[in-house]
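**Q** In my numbering, the protein residues as written are 6 to 696.
For glycine and all other residues, C-beta sits at the position ideal for the given N, C-alpha and C.
This structure is a prediction, so every number in the text was calculated from the model and none was measured.
Structure incoming, see below.
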């Protein structure tokens, strides 16, 4: 099976970013703060603060600076740091901040770092930790660290009022959800309603895998946002200069294909598939053994660290850490060895880590060069977190990569659509990562004027210039003027267009209908059905409190950002298939050099998934592609009432602008679709009246 396994020949959309290595993101100011931390500290007086910053950018240290100021200068009694799991509690251990110029050190008394306390976070065994939270609240000590679970139990038992006049800092904030079933989200809603605390929320991915909003819109408006982008972070590193993300198909067993992409010369974290996934062999221990056998000859385990010693074919011996082993004694020894602070700067401490459910969120191994994940990940937040394991900056580490080794859908499978759903998830993850890694866009209507801090090139900004494009080197932002662009009117819509476009785009690329039709039913789908109707619905559902004009402004800004990123990728790679040494930033610069006017109507006429389809068409054999298309086309249904109503509303706008209603005989596909919507809505209303 290994000889004709098509691994590495069938790739889904991949992305590459090459950075300038300016050193800006690692440089410290006179108080020992890096750029992101300085930016967050400048907003330390806010009662509600949301820090959106990538993994490894220094959010933990930023929180220390902010918390110390709130305790010393803003009258708060105590700071409670809440992390998703015990292992992340180590990020908030004592830190001698004065050594780098700050005015105080970060100190957590051992009894108040509950992440180090024995026992798991379940109600029956967490009583002692809840009791400890109560004792802390009654004490004069300043800082407590606990898990999300411990905090939830403590709030349930003690009530929100027990936490008055304190700072509550939530790490990995994307675990929270506005869904009433999310206990932590409900409790935070109560804290915000009571308005007696300060809240700092931190996350590397302000969206959820289930597409649920993190905060209710009313609560979200109260937060001041500090954003530090992936582009800024990577561009400002000292050592890491390139990040490549790829998806590789295989057939048969993944264990027969893994060595095609697992290069033992790279420091690698291998995430094997969940035992419930179709990639799994259902024997996780055997999988680990087979991976080690494929690497080389086992030479025993180190008695101190528990790492396996594997001799490669070239005679070199590498160290492999097994975090899959269910034996608590063995796994705890390996885990402790990986967290040993004395070994953090030792590149030779370990070479490969094999994990299942571990070594993801908050896991800090700066030397990781390759995050290799087997099997589909339905949660985009999980993908972001896994990629973050490889994006730490470290001496001599010039490149990093993420590889998703995924099973090629089998055309012989009875439920081919179920199989293709996994492919759609991988495409969604790729599209989102392209958006996350791309420079941020600022949009304004044509001839709205130059923006401060942006360089418009040799001739500067001019109203006579058909394409004014500015670039802010410090923030990695591009300014584009777009003809016909609707400007947001309210402060909230302005904030969304400035801060939350990636969250809107995330909801869109996770929309199964949009993906299916945009990729596999292109011939029967008018692009505006996706860019206008589908994206419009997502914006209305997400921000129902906005006016229609503001909803349209958000929709236009989001679709412009998505389609410009896709166009940048196409220009950077030539044919939509990423190769080494290409980068999104190159494509954005090529867009900037294009002399055509940017027009929102033209942007709306671009299928956002066109570039993804170009690669998928090469990745699948023709028989499989035809079968998938046939199944997707067969699923098409007549317009729903909601779709008909949305199209009819667009038809009203069309009539106001053109002075006539859209015609069903029009040669313009979008005009025809709007007319069909008007007719369908009339039928629905007639049926309701007669029925």
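Whole alpha helix (DSSP H) runs in the segment 371–422 with 4 or more residues, listed along the chain?
**A** As far as the segment 371–422 is concerned, its whole alpha helix (DSSP H) runs of at least 4 residues are 385–393.
**Q** Flag this pair as touching only if the segment 294–310 and the segment 386–402 have three or more C-beta atom pairs under 8 angstroms; answer yes or no.
**A** Too few Cβ pairs lie closer than 8 angstroms, so no.
**Q** Of the choices 449, 467, 638, whose alpha-carbon is the least far from that of residue 558?
**A** For residue 558, the nearest C-alpha among the options comes from 449.
**Q** Could you give the distance in angstroms between the alpha-carbon of residue 334 and the alpha-carbon of residue 308?
**A** Distance between the alpha carbons of residue 334 and residue 308: 12 angstroms.
**Q** So, using beta-carbon positions, are residue 274 and residue 292 closer together than 8 angstroms?
**A** No, the Cβ-Cβ distance between residue 274 and residue 292 is not below 8 angstroms.
**Q** Assuming residue 407 contacts residue 455 (C-beta within less than 8 angstroms), just tell me the rounded distance between them.
**A** That pair is no contact at about 37 angstroms.
**Q** To the nearest angstrom, report how far apart residue 62 and residue 251 are at their CA atoms.
**A** Their Cα atoms are separated by approximately 23 angstroms.
**Q** For the alpha helix (DSSP H) holding residue 483, just list the boundary residues, first then last.
**A** Element bounds for residue 483: not the alpha helix (DSSP H) but the beta strand (DSSP E), 482–487.
**Q** At what residue ranges does the segment 274–302 contain a whole run of the alpha helix (DSSP H), taking only runs of 4 or more?
**A** With a minimum length of 4 residues, the continuous alpha helix (DSSP H) runs that stay inside the segment 274–302 are 289–300.
**Q** Around the C-beta of residue 561, are 16 or more other C-beta atoms found within 10 angstroms, so that it is buried, or is it exposed?
**A** Classification for residue 561: buried.
**Q** For residue 521, count neighbouring Cβ atoms within 10 angstroms of its own Cβ and tell me buried if that reaches 16, exposed if not.
**A** By the neighbour-count rule (16 or more Cβ atoms within 10 Å), residue 521 is buried.
**Q** At what residues does the alpha helix (DSSP H) containing residue 697 begin and finish?
**A** Nothing about residue 697 can be reported from this structure: the residues present for the chain run from 6 to 696 only.
**Q** Go ahead and pull the three-state DSSP assignment for residue 647.
**A** Here residue 647 sits in helix by DSSP.
**Q** Does at least one heavy atom of the ligand MG sit under 7 angstroms from the Cβ of residue 510?
**A** The ligand content of the structure shown is nil, which means the ligand MG is not present either.
**Q** So residue 181 packs on residue 155, CB below 8 angstroms; how close in whole Å?
**A** About 15 angstroms; that fails the 8 angstroms criterion.
**Q** Given a cut-off of 8 angstroms, decide if residue 329 and residue 364 are closer than it, judged by their beta-carbon atoms.
**A** Result no, Cβ atoms of residue 364 and residue 329 do not sit closer than 8 angstroms.
**Q** Using a Cβ-Cβ cutoff of less than 7 angstroms, which residues in the same chain neighbour residue 517 once the five nearest sequence positions on both sides are dropped?
**A** Contacts found: 429.
**Q** Closest to residue 676 by C-alpha separation, out of 662, 687, 689, 688, would be which residue?
**A** Nearest C-alpha to residue 676: 662.
**Q** Do residue 510 and residue 431 have their C-beta atoms within less than 8 angstroms of each other?
**A** In this structure, residue 431 does not lie closer than 8 angstroms to residue 510 by Cβ.
**Q** Three or more C-beta pairs under 8 angstroms: does that hold for the segment 530–545 against the segment 467–480?
**A** Taking 8 angstroms as the limit for Cβ pairs, the verdict is that the segment 467–480 does not touch the segment 530–545.
**Q** Under the rule that 16 or more other beta-carbon atoms within 10 Å means buried, what is residue 240, buried or exposed?
**A** It counts as buried.
**Q** Apart from the five residues just before and just after residue 582, which ones in its own chain have a Cβ nearer than 6 angstroms to its Cβ?
**A** Reliability fails at residue 582, whose pLDDT of 47 lies under 50, so the model's placement of it is uncertain and no value is given.
**Q** Might you give, ordered along the chain, the residues of its own chain that have their beta carbon closer than 7 angstroms to the beta carbon of residue 120, omitting 5 neighbours on each side?
**A** Excluding sequence neighbours, residue 120 sits near 88, 91, 94, 150, 151, 152.
**Q** Sorted by chain position, which residues of the same chain lie with C-beta nearer than 7 angstroms to residue 316's C-beta, five sequence neighbours on each side aside?
**A** The answer, listed in chain order, is 301, 302, 304, 322.
**Q** Tell me the DSSP secondary structure of residue 582 in three-state form.
**A** Summary for residue 582: the model assigns pLDDT 47, below 50, so the residue's position carries little reliability; its value from the coordinates is reported in the next sentence. Residue 582: coil per DSSP, three-state reduction.
**Q** Is the distance from the Cβ of residue 235 to the Cβ of residue 442 below 8 angstroms?
**A** It is a contact, given that the beta carbons lie within the stated cut-off.
**Q** So, using beta-carbon positions, are residue 56 and residue 280 closer together than 8 angstroms?
**A** Taking 8 angstroms as the Cβ cut-off, residue 56 and residue 280 do not qualify as a contacting pair.
**Q** Which complete alpha helix (DSSP H) runs does the segment 491–546 hold, if anything under 4 residues is left out?
**A** With a minimum length of 4 residues, the continuous alpha helix (DSSP H) runs that stay inside the segment 491–546 are 496–504, 506–514, 517–525.
**Q** So, does the segment 433–447 touch the segment 223–237, judging by three or more C-beta pairs under 8 angstroms?
**A** They touch, by the three-pair rule.
**Q** Quick one: what's residue 111 bridged to in DSSP?
**A** The partner list for residue 111 (beta bridge, DSSP) reads 100.
**Q** Please return the same chain residues whose Cβ sits closer than 8 angstroms to the Cβ of residue 465, not counting the five positions on each side in sequence.
**A** Same-chain partners within the cutoff: 455.
**Q** From residue 202 to residue 195, what distance separates their C-alpha atoms?
**A** Each residue's alpha carbon lies about 11 angstroms from the other.
**Q** What residue range is occupied by the uninterrupted beta strand (DSSP E) comprising residue 263?
**A** From DSSP, residue 263 is part of no beta strand (DSSP E); its letter is neither H nor E.
**Q** If I measure Cβ to Cβ from residue 533 and keep anything under 6 angstroms in the same chain, skipping five residues before and after, which residues do I get?
**A** These residues qualify, in order along the chain: 609, 675.
**Q** My guess is that residue 671 and residue 680 are in contact by the Cβ rule of under 8 angstroms, so how many angstroms apart are they, rounded?
**A** At roughly 7 angstroms, the Cβ-Cβ gap stays under 8 angstroms, so residue 671 and residue 680 are in contact.
**Q** According to DSSP, is residue 36 helix, strand or coil?
**A** It is coil, neither helix nor strand.
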